[in-house]
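Visitor: Residue 11 in UniProt numbering sits at position 11 of the sequence shown, with consecutive numbering throughout. In this text, a Cβ means the ideal position worked out from N, Cα and C, and glycines have one as well.
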Amino acid sequence: MNDHPPSRQEEKSDLREAVRRARLEDAERSDVIAELRSRALVRLELVAAALAPVLAELPEDVDLFDHGLVAGEQPRFYVDVLAFVEVDRDRRTYRFLVDTRHGRQVLAASEDVDTIRRAVTDYVARRLVEREKALAADGELAARPRPQAADGQGGSLLFAFVMGAIVGATLFYLALWWKVLG
1 MNDHPPSRQE EKSDLREAVR RARLEDAERS DVIAELRSRA LVRLELVAAA
51 LAPVLAELPE DVDLFDHGLV AGEQPRFYVD VLAFVEVDRD RRTYRFLVDT
101 RHGRQVLAAS EDVDTIRRAV TDYVARRLVE REKALAADGE LAARPRPQAA
151 DGQGGSLLFA FVMGAIVGAT LFYLALWWKV LG
């Protein structure tokens, strides 16, 4: 048996070999991750193709839905700024999620593209109805008569503004005068 400690040269070659193995392992992991992302993108392209006819029916004057496929750390098909479809960790299940004030919520999860298409279609329809209601409410507000300044509100607001300006200017000049004399 060899009882003497390894020489510096043997230690360097062991370290070099370990670094080479670590680089190979990292490259293999990177290849696997890239392959998984690629598969997720292909699956999301299927969702995008299924939703294309639905999104094509959107009225031209509606700019709520800025949809598209985004490849990144977690590839996603965005329906709008708040809602998106992604492939779950099991790489088979689609998840349709929406960001809300109360956190992210899963609206649908399925391995079936048609199930996700129906969920997204329902979401788009609800958003269009919300938009119509908001526009109708805006129209009602615009149709209401506005209060006139004859009730004294406009005059008192103007008086308060003028008095504030006079008091502010007076204090400014007093402070300036104090600084010059002091």
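Taking the CB atoms as reference points, tell me whether ALA108 and VAL98 lie closer together than 8 Å.
Guide: By 1-based counting over the sequence shown, the position of residue 108 is 108. By 1-based counting over the sequence shown, the position of residue 98 is 98. Cβ atoms of ALA108 and VAL98: not closer than 8 Å.
Visitor: Identify whether GLU45 lies in helix, strand or coil by the three-state DSSP scheme.
Guide: Here the question's residue 45 lines up with position 45 in the sequence shown. If DSSP states are grouped into helix, strand and coil, GLU45 belongs with the helices.
Visitor: So if DSSP puts VAL79 in a beta bridge, which residue, or which two residues, is it bridged to?
Guide: For this step, residue 79 is matched to residue 79 along the sequence shown. None; VAL79 has no bridge partner.
Visitor: Short check: CB of LEU51 to CB of PHE65, under 8 Å?
Guide: What you label residue 51 is simply residue 51 of the sequence shown in a count that begins at 1. What you label residue 65 is simply residue 65 of the sequence shown in a count that begins at 1. Contact: no.
Visitor: Give me the residue from ASP14, GLY168, ALA49 with the minimum Cα distance to ARG117.
Guide: Counting from 1 along the sequence shown, the entry for residue 117 is found at position 117. With distances taken between Cα atoms, ARG117 lies closest to ALA49.
Visitor: Return helix, strand or coil for ALA56, following the three-state DSSP convention.
Guide: As a working mapping, residue 56 is identified with position 56 in the sequence shown. Helix, per DSSP.
Visitor: Relative to the C-alpha of GLU63, which candidate in VAL81, VAL113, ARG23, PHE77 has its C-alpha closest?
Guide: Here residue 63 refers to the residue found at position 63 when the sequence shown is read from its first residue. Before going on, a small fix: residue 63 reads as Asp here, not Glu. The shortest C-alpha separation from ASP63 is found at VAL81.
Visitor: Tell me where the beta strand (DSSP E) around ALA109 begins and ends.
Guide: Taking the sequence shown and counting its residues from 1, the one referred to as residue 109 is at position 109. 103 to 110 is the span of the beta strand (DSSP E), which, as asked, contains ALA109.
Visitor: Just to confirm, is the Cβ distance from LEU46 to ALA71 under 8 Å?
Guide: Translated into the one-based positions of the sequence shown, residue 46 becomes position 46. Translated into the one-based positions of the sequence shown, residue 71 becomes position 71. No, Cβ-Cβ distance for LEU46 and ALA71 is not below 8 Å.
Visitor: Mind checking whether GLU111 and ARG92 have CB atoms under 8 Å apart?
Guide: Along the sequence shown, one-based indexing puts residue 111 at 111. Along the sequence shown, one-based indexing puts residue 92 at 92. Yes.
Visitor: What separation, rounded to the nearest whole angstrom, lies between the Cα atoms of ALA175 and VAL162?
Guide: For the purposes of this step, residue 175 is taken as residue 175 along the sequence shown, with counting starting at 1. For the purposes of this step, residue 162 is taken as residue 162 along the sequence shown, with counting starting at 1. Going by the C-alpha atoms only, they are around 20 Å apart.
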